[in-house]
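Trainee: Here's a structure for you.
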Amino acid sequence: MSAKETREFDLVLAGGSLKTCSSMSVKNCSKTNSFSDGLSSIQYRITSEKRDAFFNSEIFSPNSKLVLDDVHSVFLNIYNKLDGAVVSKSQLRDAFADIDQLDFYKSMSDELYFAFHDYIEFPQILADGNRKQEHTNLAFNKNSHAVDVYQAFYNSAQIKAARKQQANISEVTPHIVVVTASSRDPFESADFYQSVFQFFKAKVTWLPLDMTYQQAKGQCQRLQQIRANNLSFNRDVIYPKRVAQQKAMCEQPERMLEAIKSADGIFFNGGDQSRTIAALTDKNGQPAEELIVIRNMVENKQLVVGGTSAGTAVQAGGFYKGKPVPMISNGDPKLALVRGAFATKPPSARCSKSKTCQSSELKPGDLTYRAEGGTGLFELGLLDTHFSERDRESRLAVFSYMSGQRFAFGVDETSALLVNKQTNGDYHFEVVGQNGVFVVDMKQGQGKIVEAESNNYIAGLSHFLNQGDKAIYRAELDQLLFTFNSRSESLSKRMSAKGVVELDGKWRAVVGNKCGKREVIGWQNWQQTFAVQADDKTQFARSPNKQCSYSNLPFVIKTN
44 MSAKETREFD LVLAGGSLKT CSSMSVKNCS KTNSFSDGLS SIQYRITSEK
94 RDAFFNSEIF SPNSKLVLDD VHSVFLNIYN KLDGAVVSKS QLRDAFADID
144 QLDFYKSMSD ELYFAFHDYI EFPQILADGN RKQEHTNLAF NKNSHAVDVY
194 QAFYNSAQIK AARKQQANIS EVTPHIVVVT ASSRDPFESA DFYQSVFQFF
244 KAKVTWLPLD MTYQQAKGQC QRLQQIRANN LSFNRDVIYP KRVAQQKAMC
294 EQPERMLEAI KSADGIFFNG GDQSRTIAAL TDKNGQPAEE LIVIRNMVEN
344 KQLVVGGTSA GTAVQAGGFY KGKPVPMISN GDPKLALVRG AFATKPPSAR
394 CSKSKTCQSS ELKPGDLTYR AEGGTGLFEL GLLDTHFSER DRESRLAVFS
444 YMSGQRFAFG VDETSALLVN KQTNGDYHFE VVGQNGVFVV DMKQGQGKIV
494 EAESNNYIAG LSHFLNQGDK AIYRAELDQL LFTFNSRSES LSKRMSAKGV
544 VELDGKWRAV VGNKCGKREV IGWQNWQQTF AVQADDKTQF ARSPNKQCSY
594 SNLPFVIKTN
């Protein structure tokens, strides 16, 4: 689907890395002279006031496990070293190295690490007194595929707006709301997403719907304390208006529901999907009012839901063939076939550096998942992101096998799986973007995964769709049917692709280089053996952008 085509979808599930021209990422811009007032980086400055505020903060309260005396001298040395200078994060890290405290910096607990950075963050204010904001400009985007993904989301929102208003598409301005709950600091990325969708002339509203908001319902006077419990500190100093907006909506939660009900599209950012689902569920883990409204609107074709990275992974849930669909939350693919999957909260993203997870039974890279699933807007199977680029095929296959799911979908970076849900249980899919979508089918899958054994294996069917490729899931048949891009070159049993583009990701590169081959294709990765071999049901095609599409390609992965 080209960006100019207008087709309606209910879900736009991006795989992350939507390379966007912004004042903080000028490397993604063809021109960079349009951001004179834009925020270009987060900066830090330790003044005596900030030093004292940090030392007197809640993390050193009598009930805290942290003891100020243990860290006081280190931070005083950093204060004296920097002497009030405004520095970047890398310069701050270098300052710790200069006083021989780099190990201390790396090993700080999450609470200490984030509190320190948040308390010394330097407010960047324009001459008119307003806060500097991150700006984007999609007109100067180097990567057109990222724009295509945003455009597909906007197009669907516009179609839904036109239907609700009973007007022509060209006459309506869709209302898009953005939710940045996946971030530790949800306020930080709000400017970015508002700016992205304002490019399309949409009405854009940022909603302060995050885990802190959800946990503070009925006790809004504790917002700051609850925010600190969620590892976000001192945000009222940097984002006073956004913090005030969250407090106002907390005190009048009907305003949050009204904003969602007025929306034609809602977009979830990337980060940590465990935080996202916490923003949409109550203290008992049940769907919050906001999620119930979103589900009803999607079911009634009134709302398109988009997301990138964590904002995609969180959409898996509900039930497929009577089995609950879980939500992935963490996992290094090289450990998945060795250690299996764990239905528990993920370890800290920093635990390998801070050593905070050494006492846990989990390793930093263990595959973890939320058994209850995410939002449940995508019920056909599992969802994963940053896929081929990070060699996540083995982790998705293991996750599918161990959770008893037939289908699992891995979305590549700068790409999206477009989903149209039908009332009869059918799903219509299309791929847009620079790369593609990998699909695991474990209907006939087999496996054995026992920790500490050397002959673990997983086997099943794989499919790969590139831009313009389509698929339909027929609920009555319980079958996926594929249609490759009409401009793709079909490869017969006697042909192999020549000139297939080289891409990141071992599986994608090896299979792509031998697209159309019928003999065994094998390779090694992480002391594991991967092999695929086409059979009579396998079909190959070379996409217009020289990438390999295929369906019904059997695979097996073994530990050595």
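For the sequence shown, the numbering used here assigns the number 44 to the initial residue and increments by one for each residue that follows. Backbone N, C-alpha and C define an ideal beta-carbon position, used for all residues, glycine too.
Can you give, in chain order, each stretch of the alpha helix (DSSP H) that sits fully within the stretch 318–389 and has at least 4 residues?
Mentor: 332–342, 353–356 and 376–382
Trainee: If I measure Cβ to Cβ from residue 180 and keep anything under 6 Å in the same chain, skipping five residues before and after, which residues do I get?
Mentor: In the sequence shown, residue 180 corresponds to position 137, counting from 1. If we look at residue 180 and ignore the five residues flanking it on each side, its Cβ neighbours are 64 and 77.
Trainee: What is the DSSP secondary structure of residue 468, counted as helix, strand or coil?
Mentor: The count along the sequence shown starts at 1 and reaches residue 468 at position 425. Three-state result, residue 468: coil.
Trainee: Ordered along the chain, which non-local residues of its own chain (more than five positions away) have a Cβ less than 8 Å from that of residue 363?
Mentor: Walking along the sequence shown from the start, residue 363 turns up at place 320. So the list reads 422, 423, 424, 448, 449 and 450, once near-sequence residues are dropped.
Trainee: Would you call the stretch 368–384 and the stretch 402–417 in contact, with 3 or more CB pairs under 8 Å?
Mentor: yes
Trainee: Drop a sphere of 10 angstroms on the beta-carbon of residue 477, count the other beta-carbons inside from all chains shown, and report buried for 16 or more, exposed for fewer.
Mentor: To locate residue 477, count along the sequence shown from 1; it is residue 434. The residue is buried, with at least 16 neighbouring Cβ atoms inside 10 Å.
Trainee: Spatial neighbours of residue 430 within its chain, please: C-beta separation below 7 Å, excluding the five flanking residues on both sides.
Mentor: Here residue 430 corresponds to residue number 387 of the sequence shown, with the count starting at 1. If we look at residue 430 and ignore the five residues flanking it on each side, its Cβ neighbours are 58, 453, 454, 455 and 481.
Trainee: Would you kindly work out how many angstroms separate the C-alpha atoms of residue 584 and residue 508, rounded to a whole number?
Mentor: Your numbering for residue 584 matches position 541 in the sequence shown. Your numbering for residue 508 matches position 465 in the sequence shown. Answer to the nearest angstrom: the Cα atoms are 10 Å apart.
Trainee: Just to confirm, are residue 462 and residue 470 a CB contact at a threshold of 8 Å?
Mentor: For this step, residue 462 is matched to residue 419 along the sequence shown. For this step, residue 470 is matched to residue 427 along the sequence shown. Cβ distance < 8 Å, so residue 462 and residue 470 count as in contact.
Trainee: Whole angstroms is fine: what's the gap from residue 221's alpha carbon to residue 240's?
Mentor: Looking up residue 221 in the sequence shown gives position 178. Looking up residue 240 in the sequence shown gives position 197. Approximately 9 Å between the Cα atoms of the pair.
Trainee: Give the range of the beta strand (DSSP E) segment to which residue 567 is assigned.
Mentor: Position 524 of the sequence shown holds residue 567. Run containing residue 567: 564–568, per the beta strand (DSSP E) assignment.
Trainee: Is residue 175 near residue 71, with beta carbons less than 8 Å apart?
Mentor: The residue given as residue 175 occupies position 132 in the sequence shown. The residue given as residue 71 occupies position 28 in the sequence shown. Cβ atoms of residue 175 and residue 71: not closer than 8 Å.
Trainee: Figure out for me which residue from 288, 314, 332 and 164 has the closest Cα to the Cα of residue 303.
Mentor: Locating residue 303 in the sequence shown gives position 260, where the first residue counts as 1. For residue 303, the closest C-alpha among the options 288, 314, 332 and 164 is that of 332.
Trainee: Please identify the residue among 153, 315, 265 and 337 whose C-alpha is closest to the C-alpha of residue 388.
Mentor: Position 345 of the sequence shown holds residue 388. Checking every option, the nearest Cα to that of residue 388 belongs to 315.
Trainee: At 4 residues or longer, what runs of the alpha helix (DSSP H) sit wholly inside the stretch 73–107?
Mentor: 91–98
Trainee: Rounded to the nearest angstrom, what separates residue 493 and residue 486 at their Cα positions?
Mentor: For this step, residue 493 is matched to residue 450 along the sequence shown. For this step, residue 486 is matched to residue 443 along the sequence shown. Each residue's alpha carbon lies about 21 Å from the other.
Trainee: Is it buried or exposed, residue 129, if we count other Cβ atoms within 10 angstroms and call 16 or more buried?
Mentor: Looking up residue 129 in the sequence shown gives position 86. Burial call: exposed.
Trainee: Which residues does DSSP pair with residue 427 in a beta bridge?
Mentor: As a first step, residue 427 must be located in the sequence shown, where it is residue number 384. BP columns for residue 427 point to 453.
Trainee: Which one of 404, 91 and 113 has the shortest CA to CA distance from residue 127?
Mentor: Counted from its first residue, the sequence shown places residue 127 at position 84. Measuring from the Cα of residue 127, the nearest candidate turns out to be 91.
Trainee: Within a Cβ cutoff of 8 Å, which residues of the same chain sit near residue 562, ignoring the five residues on either side of it in sequence?
Mentor: Mapped onto the sequence shown, residue 562 falls at position 519. Excluding residues within five positions, the ones whose Cβ falls inside 8 Å are 576.
Trainee: Measure how close the beta-carbons of residue 161 and residue 277 come, nearest whole angstrom, since I'm counting them as under 8 Å.
Mentor: In the sequence shown, the residue the question calls residue 161 occupies position 118. In the sequence shown, the residue the question calls residue 277 occupies position 234. Rounded, the Cβ-Cβ distance is 5 Å, consistent with contact.
Trainee: Whole-angstrom Cβ separation of residue 311 and residue 195, contact assumed at under 8 Å?
Mentor: Numbered from its first residue, the sequence shown carries residue 311 at position 268. Numbered from its first residue, the sequence shown carries residue 195 at position 152. The C-beta distance from residue 311 to residue 195 rounds to 15 Å, too long to meet the 8 Å contact threshold.
Trainee: Mark residue 89 as exposed unless 16 or more other C-beta atoms lie within 10 angstroms of its C-beta, in which case mark it buried.
Mentor: Counting from one through the sequence shown, the residue named residue 89 turns up at place 46. So residue 89 ends up on the buried side.
Trainee: Using only the alpha-carbon positions, how far apart do residue 386 and residue 380 sit?
Mentor: Taking the sequence shown and counting its residues from 1, the one referred to as residue 386 is at position 343. Taking the sequence shown and counting its residues from 1, the one referred to as residue 380 is at position 337. If you take the alpha carbons of residue 386 and residue 380, they lie about 16 Å apart.
Trainee: Taking C-beta to C-beta, are residue 428 and residue 189 nearer than 8 Å?
Mentor: For the purposes of this step, residue 428 is identified with residue 385 of the sequence shown, where counting begins at 1. For the purposes of this step, residue 189 is identified with residue 146 of the sequence shown, where counting begins at 1. No. Outside cutoff.
Trainee: With DSSP as the reference, identify every bridge partner of residue 532, one or two as the case may be.
Mentor: For the purposes of this step, residue 532 is identified with residue 489 of the sequence shown, where counting begins at 1. According to DSSP, residue 532 bridges with 585.
Trainee: Since residue 558 and residue 524 are thought to touch, with beta carbons under 8 Å apart, how far apart are those beta carbons, to the nearest angstrom?
Mentor: Here residue 558 refers to the residue found at position 515 when the sequence shown is read from its first residue. Here residue 524 refers to the residue found at position 481 when the sequence shown is read from its first residue. Contact doesn't hold; Cβ gap of about 21 Å is too wide.
Trainee: For residue 250, count neighbouring C-beta atoms within 10 Å of its own C-beta (all shown protein chains included) and say buried if the count is 16 or more, exposed if not.
Mentor: Counting from 1 along the sequence shown, the entry for residue 250 is found at position 207. Answer is buried; the Cβ neighbour count reaches 16.
Trainee: Is the separation between the beta-carbon of residue 595 and that of residue 572 shorter than 8 Å?
Mentor: Here residue 595 refers to the residue found at position 552 when the sequence shown is read from its first residue. Here residue 572 refers to the residue found at position 529 when the sequence shown is read from its first residue. No, these two residues do not count as a Cβ contact at 8 Å.
Trainee: Express the C-alpha separation of residue 322 and residue 496 in angstroms, rounding to a whole number.
Mentor: Reading the sequence shown from its first residue, position 453 is the one you call residue 496. Reading the sequence shown from its first residue, position 279 is the one you call residue 322. Straight-line Cα distance between these residues: approximately 39 Å.
Trainee: For residue 163, which three-state DSSP category applies?
Mentor: To locate residue 163, count along the sequence shown from 1; it is residue 120. Correct three-state label for residue 163: helix.
Trainee: With respect to the alpha helix (DSSP H) encompassing residue 242, which residues constitute its N-terminal and C-terminal limits?
Mentor: As a position in the sequence shown, residue 242 is number 199, starting the count at 1. Run containing residue 242: none; DSSP gives neither H nor E here.
Trainee: Flag this pair as yes or no: are the beta carbons of residue 256 and residue 163 separated by less than 8 Å?
Mentor: What you label residue 256 is simply residue 213 of the sequence shown in a count that begins at 1. What you label residue 163 is simply residue 120 of the sequence shown in a count that begins at 1. In this structure, residue 163 does not lie closer than 8 Å to residue 256 by Cβ.
Trainee: Do you know how far the Cα of residue 511 is from the Cα of residue 56?
Mentor: Reading the sequence shown from its first residue, position 13 is the one you call residue 56. Reading the sequence shown from its first residue, position 468 is the one you call residue 511. Spanning the two alpha carbons is a distance of roughly 15 Å.
Trainee: Rounded to a whole number of angstroms, what is the C-alpha to C-alpha distance between residue 97 and residue 266?
Mentor: As a first step, residue 97 is located in the sequence shown; it is residue number 54 there, counting from the start. As a first step, residue 266 is located in the sequence shown; it is residue number 223 there, counting from the start. About 18 Å.
Trainee: Assign residue 464 to one of two classes, buried (16 or more other C-beta atoms within 10 Å of its C-beta) or exposed (fewer than that).
Mentor: Taking the first residue of the sequence shown as 1, we reach residue 464 at position 421. So residue 464 counts as buried.
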